[in-house]
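Asker:
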């Protein structure tokens, strides 16, 4: 505490320090001065507003430094070969022998089977023809579908690439909007400050006006 | 011999501008031709100053040009190219770190200014500081010939009467504490607010704080201070902004104590002004402040706010002590008379001519 104060010659620094200590002690005893209150005041920091003037008005895409592509890159389709499905009708060993036996038996019994199951056979035959047509058709269709699917994949590929670039743009726009909103908030705080200054001035001028009026009317 | 002055800005109420005007008037009274050239000026001084680029029209071989240097600016380049004998008066440059959070452009200018200072070393005939503190900085920068020219101050304006309305408003029995100076970060106005808060809360609820000074350009600092006022819950704090001279004098005369807790001052003009106004001064001993106080007033060496508040209360409630402090300050005021500074200036100019 002794190094707290210095004064010119003739000033009783010790006496002043004693007085300071006494006053602080008195205030502490009376409960007016609390250490934690003073500590709280000392710890209060200024909270400066960010310097929005330093933020450039022309934004850089901070989220995607490379920026959105000017042109959408061409879609490269993934090579796709439809699987060839083959039915194994051959056989070997005991299994092949049984298959051959069944085929032979079926050949022998075919007239009886045709007779016994004629209507059904015809229907089945018709169905078989239809099925063959359908299979053929479906094969044709699947070929066509493959082309169509490939074309559609290409199409969706383009859309996906475009969307990706668009999302980048949106993110950048959103980022810039947040910066703008922050700037507006800071500007609002500054305007509030100016408003307070103006309020003070108006209050002062009103008081001044009253004082002048009072003076003028009493004279 | 003609003695002209260069400065960056001739602002209204600014200590450097006032000094330049005082020097010009003093030199003219001595029969020496003198003009002021600057980059910026307040409109009210338009008829009194010239743009620094116009100097060539006035130039003569035997000229002495005094440059009041306080910040980096284009005027430096022009000054360095002059053929005249050159004197620099260094008013100190606030370290840039004070402005980093509030005014980056000014921080940059201050940083550049300190670099520019070194560029003067081999170009000037004499380097003067307005305090010993500033002179030492010049010496450290490498200037071979240095000296001290105390700030020329116009105390005549203190003869102005108090504005009646201000007297009616503020001469009401409340204790008025005053701080004068631009509302800028190196002045540590936040510390003044904190010390005043403790004083008002613990010692004298019937007190008021005047913060008289320009805050334009530092709105963000002002906003932070106003926010702090709200958080501290302190009352009767008045940020007056820039006020006309008559009102400024009124605040000096209506105050009961001058409190200054700045952490960087190249000279600290408000201290001698407080001496002249007859106010006891409580100031934080930083940079050139102890030197400016010239052994008078009360210097605190730590920002212990409860102790500062108790000190204010002690001074204001002990008339004998207040009288002693003010008497000491009146004696110290002799350091800053216009005649003394004028004589020192003439001696320097004669030594240049020799």
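Protein chains in written order, with the working numbering: chain V, 1484 to 1702; chain A, 55 to 408. Ideal Cβ placement from N, Cα and C applies to all residues, glycine included. Keep in mind that this is a model prediction, so the values were computed, not measured.
1) How about residue 277 of chain A: is its C-beta nearer than 8 Å to some C-beta of chain V?
2) Nearest chain A C-beta to residue 1527 of chain V closer than 8 Å, yes or no?
3) Could you tell me if residue 1484 of chain V is buried or exposed, where buried requires 16 or more neighbouring beta carbons within 10 angstroms of its beta carbon?
4) Excluding sequence positions up to five away, which residues of its chain have a Cβ less than 6 Å from the Cβ of residue 214 of chain A?
5) Is DSSP giving residue 372 of chain A helix, strand or coil here?
6) Rounded to whole angstroms, what's the CA-CA distance from residue 177 of chain A to residue 130 of chain A? Just pull it up for me.
7) For the candidate residues A/406, A/390, A/408 and A/402, whose alpha-carbon lies nearest to that of residue 210 of chain A?
8) Is residue 138 of chain A near residue 118 of chain A, with beta carbons less than 8 Å apart?
9) Chain V partners of residue 274 of chain A, CB-CB under 8 Å?
10) Just checking: is the beta-carbon of residue 177 of chain A within a distance shorter than 8 Å of some beta-carbon in chain V?
11) Taking the straight line between their C-alpha atoms, what separation do you get for residue 153 of chain A and residue 1700 of chain V?
12) Taking DSSP's pairing of strands, which residues face residue 57 of chain A in a bridge?
13) My assumption, with CB atoms under 8 Å, is that residue 395 of chain A sits in contact with residue 203 of chain A. Please give the rounded CB distance.
14) Hey, is residue 1514 of chain V's beta-carbon within less than 8 Å of any beta-carbon in chain A?
15) Can you find the residues in the same chain that come closer than 6 Å, C-beta to C-beta, to residue 1686 of chain V, ignoring five residues on each side of it along the sequence?
16) Mapping the DSSP letters down to three states, classify residue 139 of chain A as helix, strand or coil.
17) Between A/80, A/126 and A/82, which has its C-alpha nearest residue 93 of chain A's C-alpha?
18) Can you give the Cα-Cα distance for residue 290 of chain A and residue 254 of chain A, rounded to whole angstroms?
19) Tell me, please, whether the segment 182 to 198 of chain A touches the segment 278 to 293 of chain A by the rule of three or more beta-carbon pairs shorter than 8 Å.
20) Assign residue 159 of chain A to one of two classes, buried (16 or more other C-beta atoms within 10 Å of its C-beta) or exposed (fewer than that).
21) Keeping to the same chain, check which residues put their C-beta closer than 6 Å to that of residue 182 of chain A; ignore five residues upstream and five downstream.
22) So what's residue 148 of chain A in DSSP terms, helix, strand or just coil?
23) Can you check whether the C-beta of residue 389 of chain A is within less than 8 Å of a C-beta belonging to chain V?
24) Return the CA-CA distance between residue 1666 of chain V and residue 276 of chain A, expressed in angstroms with no decimal places.
25) Quick one: does residue 365 of chain A have its CB under 8 Å from some CB of chain V?
26) Go through its chain and collect everything with a Cβ distance to residue 88 of chain A's Cβ below 8 Å, but skip five positions before and after it.
27) Would a check of beta-carbon distances place residue 337 of chain A closer than 8 Å to chain V?
28) Distance, Cα to Cα, residue 157 of chain A vs residue 272 of chain A?
29) List the residues of chain V that residue 156 of chain A touches, going by C-beta distances under 7 Å, in chain order.
30) Taking only three categories from DSSP, how would you classify residue 268 of chain A?
31) Classify residue 1639 of chain V as helix, strand or coil using the three-state DSSP reduction.
32) Between A/163, A/187, A/330 and A/363, which has its C-alpha nearest residue 258 of chain A's C-alpha?
33) Any idea what DSSP makes of residue 87 of chain A, helix, strand or coil?
34) Quick check: what's the CA-CA separation for residue 326 of chain A versus residue 1661 of chain V?
35) Just checking: is the beta-carbon of residue 1491 of chain V within a distance shorter than 8 Å of some beta-carbon in chain A?
Answerer: Per the coordinate set shown:
1) Position 223 of the second chain, counting from 1, holds the residue named residue 277 of chain A. Taking Cβ atoms only, chain V reaches closer than 8 Å to residue 277 of chain A, which makes this a yes.
2) As a first step, residue 1527 of chain V is located in the first chain; it is residue number 44 there, counting from the start. Output row for residue 1527 of chain V: interface = yes.
3) The residue you call residue 1484 of chain V lines up with position 1 of the first chain. Reliability of the predicted coordinates at residue 1484 of chain V is poor, the pLDDT of 47 falling under 50, and the value obtained from them is presented with this limitation in mind. Exposed: under 16 other Cβ atoms inside 10 Å.
4) Locating residue 214 of chain A in the second chain gives position 160, counting from the first residue. The answer, listed in chain order, is 300 and 303.
5) Position 318 of the second chain, counted from the start, is the residue given in the question as residue 372 of chain A. Coil, per DSSP.
6) Taking the first residue of the second chain as 1, we reach residue 177 of chain A at position 123. Taking the first residue of the second chain as 1, we reach residue 130 of chain A at position 76. Rounded to whole angstroms, residue 177 of chain A to residue 130 of chain A spans 11 Å at the Cα level.
7) Numbered from 1 along the second chain, position 156 holds the residue referred to as residue 210 of chain A. Per the Cα distances, A/390.
8) For the purposes of this step, residue 138 of chain A is taken as residue 84 along the second chain, with counting starting at 1. For the purposes of this step, residue 118 of chain A is taken as residue 64 along the second chain, with counting starting at 1. Their beta carbons are under 8 Å apart, which means residue 138 of chain A touches residue 118 of chain A by this criterion.
9) In the second chain, counting from the first residue as 1, residue 274 of chain A sits at position 220. Here the neighbours are 1531, 1532, 1534 and 1673.
10) In the second chain, the residue the question calls residue 177 of chain A occupies position 123. No, residue 177 of chain A lies away from the interface with chain V (no Cβ there is under 8 Å from its Cβ).
11) Taking the second chain and counting its residues from 1, the one referred to as residue 153 of chain A is at position 99. Taking the first chain and counting its residues from 1, the one referred to as residue 1700 of chain V is at position 217. Looking at the two C-alpha atoms, the distance is approximately 49 Å.
12) Reading the second chain from its first residue, position 3 is the one you call residue 57 of chain A. When DSSP reads this structure, residue 57 of chain A sits in a beta bridge with A/118.
13) The residue given as residue 395 of chain A occupies position 341 in the second chain. The residue given as residue 203 of chain A occupies position 149 in the second chain. Between residue 203 of chain A and residue 395 of chain A the Cβ distance is about 7 Å, and since that is below 8 Å, they are a contact.
14) Counting from 1 along the first chain, the entry for residue 1514 of chain V is found at position 31. Output row for residue 1514 of chain V: interface = no.
15) For this step, residue 1686 of chain V is matched to residue 203 along the first chain. In its chain, beyond the 5 residues on either side, no residue has a beta carbon closer than 6 Å to the beta carbon of residue 1686 of chain V.
16) In the second chain, counting from the first residue as 1, residue 139 of chain A sits at position 85. DSSP, read as helix, strand or coil, puts residue 139 of chain A in strand.
17) Within the second chain, residue 93 of chain A is the residue found at index 39, counting from 1. The shortest C-alpha separation from residue 93 of chain A is found at A/126.
18) By 1-based counting over the second chain, the position of residue 290 of chain A is 236. By 1-based counting over the second chain, the position of residue 254 of chain A is 200. Near 10 Å, if we compare the C-alpha coordinates of residue 254 of chain A and residue 290 of chain A.
19) no
20) Here residue 159 of chain A refers to the residue found at position 105 of the second chain. Classification of residue 159 of chain A: exposed, given that the 10 Å Cβ count is below 16.
21) Within the second chain, the letter at position 128 stands for residue 182 of chain A. Once the five neighbours on either side are set aside, the close Cβ partners of residue 182 of chain A are 143, 201 and 203.
22) As a working note, residue 148 of chain A is residue 94 in the second chain. If DSSP states are grouped into helix, strand and coil, residue 148 of chain A belongs with coil.
23) Translated into positions along the second chain, residue 389 of chain A becomes position 335. It does not: the Cβ of residue 389 of chain A has no partner Cβ on chain V nearer than 8 Å.
24) On the first chain, position 183 is the one that residue 1666 of chain V refers to. On the second chain, position 222 is the one that residue 276 of chain A refers to. Going from the Cα of residue 1666 of chain V to the Cα of residue 276 of chain A covers about 18 Å.
25) Within the second chain, the letter at position 311 stands for residue 365 of chain A. True, the Cβ-Cβ gap to chain V drops below 8 Å.
26) As a first step, residue 88 of chain A is located in the second chain; it is residue number 34 there, counting from the start. These residues qualify, in order along the chain: 56, 57, 58, 59, 77, 78, 81 and 82.
27) Locating residue 337 of chain A in the second chain gives position 283, counting from the first residue. Output row for residue 337 of chain A: interface = no.
28) For the purposes of this step, residue 157 of chain A is identified with residue 103 of the second chain, where counting begins at 1. For the purposes of this step, residue 272 of chain A is identified with residue 218 of the second chain, where counting begins at 1. Rounded to whole angstroms, residue 157 of chain A to residue 272 of chain A spans 7 Å at the Cα level.
29) Taking the second chain and counting its residues from 1, the one referred to as residue 156 of chain A is at position 102. Going along chain V in sequence order, the residues near residue 156 of chain A (Cβ under 7 Å) are 1531.
30) Residue numbering aside, residue 268 of chain A sits at position 214 when the second chain is read from its first letter. Residue state, collapsed to three classes: coil.
31) Taking the first chain and counting its residues from 1, one reaches residue 1639 of chain V at position 156. Here residue 1639 of chain V sits in helix by DSSP.
32) To locate residue 258 of chain A, count along the second chain from 1; it is residue 204. Comparing Cα positions, the closest option is A/363.
33) Position 33 of the second chain holds residue 87 of chain A. Three-state DSSP puts residue 87 of chain A in a strand.
34) Sequence index remark: in the second chain, residue 326 of chain A carries index 272 (1-based). Sequence index remark: in the first chain, residue 1661 of chain V carries index 178 (1-based). Those two C-alpha atoms are separated by around 50 Å.
35) Here residue 1491 of chain V refers to the residue found at position 8 of the first chain. With 8 Å as the cut-off, residue 1491 of chain V counts as an interface residue toward chain A.
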